[in-house]
Amino acid sequence: MIVDANTVESGSRLAADVCIVGGGAAGISLALSLSGQGLTVLLLESGRTTPHEATQALYEGEVSDERLHSPPDKYRQRRMGGSTTIWGGRCMPLDPIDFETRSQVPHSGWPISFDDLLPFYPQANALAEAGRFSYDAEEALGPAAQPMIRGFDSPIVRTNGLERFSCPTDFGTRYARRLQVASDVKVLLGANCTAVRLEADGQDVRELEVATLAGKRFCVAPRATVLAAGGLETARLLLASRDVAPAGVGNEHDVVGRYYMCHVAGNVGTLVLNGRPNDVRHGYEVTPEGVYCRRRFAVAASEQRRHGLANAVARLHFPRITDPCHRNGVLSGLFLARGLISYEYGKRLNDGTRMTPGLYARHLFNVVADPIDTTAFLAHWVTRRTLAQRKFPSVILRNRTNRFSLEMHGEQAPRADSRITLVEKTDALGMPQLRVDWRYSSGDIESVGRTLDLIAQELERSGAGRLDYRRETLEEDLMRFGAYGGHHIGTARMGSDVRTSVVDSDCRVHSVRNLFVAGSAVFPTSGQANPTLTLVALSLRLGKHLSQRLELTS
Ligand SMILES: Cc1cc2nc3c(=O)[nH]c(=O)nc-3n(C[C@H](O)[C@H](O)[C@H](O)COP(=O)(O)OP(=O)(O)OC[C@H]3O[C@@H](n4cnc5c(N)ncnc54)[C@H](O)[C@@H]3O)c2cc1C
Numbered sequence: 007m008i009v010d011a012n013t014v015e016s017g018s019r020l021a022a023d024v025c026i027v028g029g030g031a032a033g034i035s036l037a038l039s040l041s042g043q044g045l046t047v048l049l050l051e052s053g054r055t056t057p058h059e060a061t062q063a064l065y066e067g068e069v070s071d072e073r074l075h076s077p078p079d080k081y082r083q084r085r086m087g088g089s090t091t092i093w094g095g096r097c098m099p100l101d102p103i104d105f106e107t108r109s110q111v112p113h114s115g116w117p118i119s120f121d122d123l124l125p126f127y128p129q130a131n132a133l134a135e136a137g138r139f140s141y142d143a144e145e146a147l148g149p150a151a152q153p154m155i156r157g158f159d160s161p162i163v164r165t166n167g168l169e170r171f172s173c174p175t176d177f178g179t180r181y182a183r184r185l186q187v188a189s190d191v192k193v194l195l196g197a198n199c200t201a202v203r204l205e206a207d208g209q210d211v212r213e214l215e216v217a218t219l220a221g222k223r224f225c226v227a228p229r230a231t232v233l234a235a236g237g238l239e240t241a242r243l244l245l246a247s248r249d250v251a252p253a254g255v256g257n258e259h260d261v262v263g264r265y266y267m268c269h270v271a272g273n274v275g276t277l278v279l280n281g282r283p284n285d286v287r288h289g290y291e292v293t294p295e296g297v298y299c300r301r302r303f304a305v306a307a308s309e310q311r312r313h314g315l316a317n318a319v320a321r322l323h324f325p326r327i328t329d330p331c332h333r334n335g336v337l338s339g340l341f342l343a344r345g346l347i348s349y350e351y352g353k354r355l356n357d358g359t360r361m362t363p364g365l366y367a368r369h370l371f372n373v374v375a376d377p378i379d380t381t382a383f384l385a386h387w388v389t390r391r392t393l394a395q396r397k398f399p400s401v402i403l404r405n406r407t408n409r410f411s412l413e414m415h416g417e418q419a420p421r422a423d424s425r426i427t428l429v430e431k432t433d434a435l436g437m438p439q440l441r442v443d444w445r446y447s448s449g450d451i452e453s454v455g456r457t458l459d460l461i462a463q464e465l466e467r468s469g470a471g472r473l474d475y476r477r478e479t480l481e482e483d484l485m486r487f488g489a490y491g492g493h494h495i496g497t498a499r500m501g502s503d504v505r506t507s508v509v510d511s512d513c514r515v516h517s518v519r520n521l522f523v524a525g526s527a528v529f530p531t532s533g534q535a536n537p538t539l540t541l542v543a544l545s546l547r548l549g550k551h552l553s554q555r556l557e558l559t560s
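What follows is the structure, given as C-alpha cells:
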C-alpha cells in the first residue's frame with residue numbers, strides 16, 4: 007500500500023516489524039525482499055512520485071570546495087525512487103580483489119568476501135533489469151563475440167569484462183505496483199525521518215521521529231530500523247540524532263561521516279589504434295536478451311597486487327568536447343546545447359572553457375559542416391533513446407580515425423579526513439544541514455597514472471596502438487570536474503573493528519542492536535565499479551538476515 011504521510015494523525019505512534027527510511031534502490035529492494043516473509047514493513051519516503059522543490063531543498067547544505075564536489079542538493083534526488091530517477095544505469099559487480107585487505111589501499115578490507123555477496127547479485131541484476139548476471143564478454147555475448155580491439159590480447163590489461171546497462175530502471179516507478187499491492191508493506195510518501203531516538207541505555211532504537219512539510223509529526227516504533235536514505239543522508243541522520251548519544255548514533259569512535267569516497271574520473275590522453283576502425287568495438291553491444299553492454303580496459307587483479315595499484319578501468323571515449331578541433335558536428339552540437347542539459351549530465355560537458363564569439367562560431371561551423379552525421383545522430387537519439395523503453399545508454403560517435411581519449415574511472419583510497427559533518431544551519435524541518443569536505447590523495451592520481459602506463463605498455467607490446475598522456479596534467483585532467491557526482495560511498499563503513507567502522511558484516515550499527523544501514527554508505531572501499539548493483543545486492547542480503555533474525559526473536 008502507498009499512502010500520503012499527511013493522512014497519519016499527528017502524535018500517533020505506528021508499529022512495524024521493520025521500518026525502512028528511504029525509498030531509493032536500497033530501500034525498495036529491501037522492502038521487496040522482506041515482503042512475503044511474514045513481517046510487516048513500513049517504508050518512510052521523504053519525497054513523492056514527482057519532483058517537489060520544497061522536498062528537494064531539504065537536501066541543501068555546504069561544500070568546502072565547490073570545484074571538488076557539487077552542492078549536496080545536486081545529483082541526489084529526494085523523491086520516490088531516489089537517484090535512480092536520473093541515474094545512468096551502468097551496472098557491474100565489485101571485483102573479488104575489492105574485498106581484500108590491500109597494502110596499496112590504506113584502510114581497505116571488507117569483513118565479507120565476494121563469495122558472501124555473490125548469491126545476491128543475480129537478483130540484484132534482475133531488479134536493475136540488467137539481464138543475466140554475466141560480466142564476461144564471451145559468456146554474455148556468445149562465442150561469436152569479437153574482441154574489443156582486434157590484435158590486442160593481454161593477460162595484464164583485460165578487455166573481456168563488461169559493464170551492463172539497466173533501462174535505466176527508475177525503482178520508484180518500476181516497483182510502485184508491487185509495493186502498492188503488497189499487503190505486508192506500507193509506503194508513506196512525504197514522510198521525513200528527522201531523528202533516530204534510542205532507549206536510555208543507547209543499545210536499542212526506541213522510535214523514529216517523522217515529520218511532513220505540511221506540519222504533521224508522528225513516530226514509528228519498529229522492531230528493526232534500516233536507514234536507506236543514501237550515502238550522505240544516512241550519515242546526516244545518524245549525526246543529527248544526539249539526545250542519548252551526544253556525538254550521534256553509532257558515532258562513539260567518531261567514524262560516522264568519515265572515509266567519504268566518490269570515484270576519481272576524467273578523460274585523459276590520446277590513444278591511436280592501428281588497424282581499421284571496424285576492428286574496434288568502442289560503443290555498445292547488445293546481449294541476446296537485449297541488454298546494452300560495453301567493454302573497457304581493466305588491469306588484472308594479479309597485476310594490481312604486483313604493481314600496487316588501486317582498481318580502475320578505462321573506456322574508449324571521444325576527444326575533448328570543448329575543443330572544436332575535433333571537427334565533429336555532434337560533439338559541437340552537444341557543447342552548444344549544454345545549457346539545456348540537466349546540471350548532472352551537463353556538468354562534464356563544460357570544463358570551464360569560456361565561450362567566446364570565436365569559439366561559438368567554430369562549434370557552429372562544425373555542426374553545419376557535418377550535416378549527415380548530425381542528422382543521423384539526432385534520428386538515432388530520438389528512436390533509440392527518447393522514445394525507447396530500454397534506452398541507448400550514452401552518446402557514441404562513429405569513429406573514422408581510430409583516435410580516442412580514455413575515460414578513466416578509478417577507486418579512491420578511503421581517508422578519515424574526507425568527511426561530512428553537520429553545520430548549525432537547519433532545514434525546513436529543523437534538521438542541521440550537512441557540510442561535505444571531500445578529499446582525494448596524491449596516491450589516487452599516481453595509481454591512475456601507473457594504470458595508464460600499463461595500458462600504454464601493453465598496447466605498444468601487442469602492436470595494437472599507442473597511448474600518449476601527460477603525467478604533469480593528469481591531476482588536472484582527473485579533477486577538472488571534481489569528484490564523480492552521484493556516487494556517495496563509505497560514510498558508515500562496514501568492518502569488524504568498532505574504532506574504524508560503523509556497521510558490522512550484517513550492516514548492523516555496532517552499538518545498537520536493532521539499527522541497520524542499507525546503501526553505499528557501508529562500503530569500506532569503492533572499487534572501480536559504479537555502486538548501485540552492489541548496494542542492491544547488499545540490501546537483498548540484509549533482507550535475508552533480517553527475516554531470519556526477526557523470525558528467531560518473535
Ligand atoms: C546523474 C547520476 C547518474 C548515476 N549513474 C549511475 C550509474 O550509471 N550506475 C550506478 O551504479 N550508479 C549511478 N548513480 C548512482 C545511483 O543513482 C545511486 O547509487 C543509487 O540511486 C543510490 O540508491 P540509494 O537507495 O542508496 O540512495 P538514494 O537514491 O539517495 O535514495 C535515498 C532515498 O531516501 C529518501 N530520503 C532521504 N532522506 C530521508 C529521510 N530523512 N526520511 C525519509 N526518506 C529520506 C530520498 O528521498 C530517497 O528516495 C548515478 C547517480 C546520479 C545522480
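Numbering-wise (my numbering), the sequence shown opens with residue 7 and increments by one. We put the CB at the ideal spot given by N, CA and C, even for glycine. No experiment lies behind these values; they were computed from the predicted model shown.
Just to confirm, is the Cβ distance from residue i to residue j under 8 Å?
i: glutamine 418; j: histidine 269; result: yes
i: phenylalanine 171; j: glycine 95; result: yes
i: methionine 86; j: glycine 29; result: yes
i: proline 149; j: threonine 165; result: no
i: threonine 538; j: alanine 201; result: no
i: isoleucine 327; j: leucine 185; result: no
i: alanine 230; j: leucine 556; result: yes
i: phenylalanine 139; j: alanine 470; result: no
i: alanine 143; j: leucine 168; result: yes
i: arginine 118; j: alanine 241; result: Reading the sequence as shown, one finds isoleucine at residue 118 and not arginine. Cβ atoms of isoleucine 118 and alanine 241: not closer than 8 Å.
i: glycine 335; j: threonine 380; result: yes
i: phenylalanine 105; j: phenylalanine 120; result: yes
i: asparagine 317; j: aspartate 101; result: yes
i: leucine 412; j: asparagine 280; result: no
i: valine 237; j: glycine 525; result: One point to set straight first is that residue 237 is glycine, not valine, in the sequence displayed. The answer is yes: Cβ separation under 8 Å.
i: proline 283; j: proline 420; result: no
Please report the distance separating the alpha-carbon of residue i from that of residue j.
i: serine 70; j: isoleucine 155; result: 42 Å
i: methionine 361; j: arginine 344; result: 12 Å
i: valine 445; j: arginine 486; result: What sits at residue 445 in the sequence shown is arginine, not valine. So the alpha carbons of these two residues sit roughly 14 Å apart.
i: alanine 320; j: glycine 488; result: 18 Å
i: arginine 73; j: tyrosine 490; result: 12 Å
i: threonine 506; j: histidine 259; result: 7 Å
i: serine 532; j: leucine 552; result: 25 Å
i: threonine 179; j: glycine 115; result: 36 Å
i: leucine 244; j: serine 424; result: 17 Å
i: leucine 204; j: glycine 455; result: 47 Å
i: leucine 133; j: lysine 192; result: 20 Å
i: serine 308; j: lysine 222; result: 56 Å
i: glutamine 129; j: leucine 48; result: 22 Å
i: alanine 569; j: glycine 416; result: The structure shown does not extend to residue 569, since the chain is modelled only from 7 to 560, so the question has no answer here.
i: alanine 146; j: threonine 432; result: 49 Å
i: arginine 212; j: alanine 206; result: 9 Å
Considering only DSSP beta bridges, list what residue i is partnered with.
i: lysine 192; result: Leu48
i: tyrosine 298; result: Val292
i: glycine 416; result: Val270, Ala318
i: phenylalanine 171; result: Arg96
i: glutamate 213; result: Arg203
i: valine 163; result: Val305
i: glutamate 452; result: Answer is none; glutamate 452 lacks a bridge partner.
i: cysteine 225; result: Arg19, Glu215
i: arginine 472; result: Val278
i: asparagine 198; result: Ala217
Could you give the C-beta distance for residue i and residue j, rounded to a whole number, given that I count them as a contact under 8 Å?
i: methionine 500; j: serine 517; result: At roughly 14 Å, the Cβ-Cβ gap does not stay under 8 Å, so methionine 500 and serine 517 are not in contact.
i: alanine 498; j: valine 528; result: 6 Å
i: arginine 264; j: alanine 375; result: Not a contact, Cβ separation roughly 52 Å.
i: histidine 369; j: phenylalanine 341; result: 6 Å
i: phenylalanine 303; j: valine 111; result: Contact doesn't hold; Cβ gap of about 20 Å is too wide.
i: isoleucine 451; j: methionine 267; result: Their Cβ separation, rounded to whole angstroms, is 15 Å, which puts isoleucine 451 and methionine 267 out of contact at 8 Å.
i: leucine 3; j: leucine 484; result: Since the first and last residues shown for the chain are 7 and 560, residue 3 lies out of range.
i: valine 24; j: leucine 50; result: Between leucine 50 and valine 24 the Cβ distance is about 11 Å, and since that is not below 8 Å, they are no contact.
Taking 7 Å as the cut-off, does the CB of residue i come closer than this to any heavy atom belonging to ligand 2?
i: valine 27; result: Of the ligands one can find in the structure shown, namely ligand 1, none is ligand 2.
Original post:
Using 8 Å as the threshold, is the region 346 to 362 in touch with the region 303 to 316, meaning 3 or more CB pairs across them?
Top reply: Flag = no, the region 346 to 362 and the region 303 to 316 do not touch.
Original post:
Pairing CB atoms from the region 193 to 204 with CB atoms from the region 218 to 229, are three or more of them under 8 Å?
Top reply: They touch, by the three-pair rule.
Original post:
Would you call the region 391 to 409 and the region 274 to 289 touching, i.e. three or more CB-CB distances under 8 Å?
Top reply: They touch, by the three-pair rule.
**OP:** Tell me, please, whether the region 226 to 240 touches the region 455 to 463 by the rule of three or more beta-carbon pairs shorter than 8 Å.
**Re:** No: fewer than three Cβ pairs fall under 8 Å.
Original post:
Using 8 Å as the threshold, is the region 428 to 446 in touch with the region 61 to 68, meaning 3 or more CB pairs across them?
Top reply: Yes: the two stretches touch, three or more of their Cβ pairs being nearer than 8 Å.
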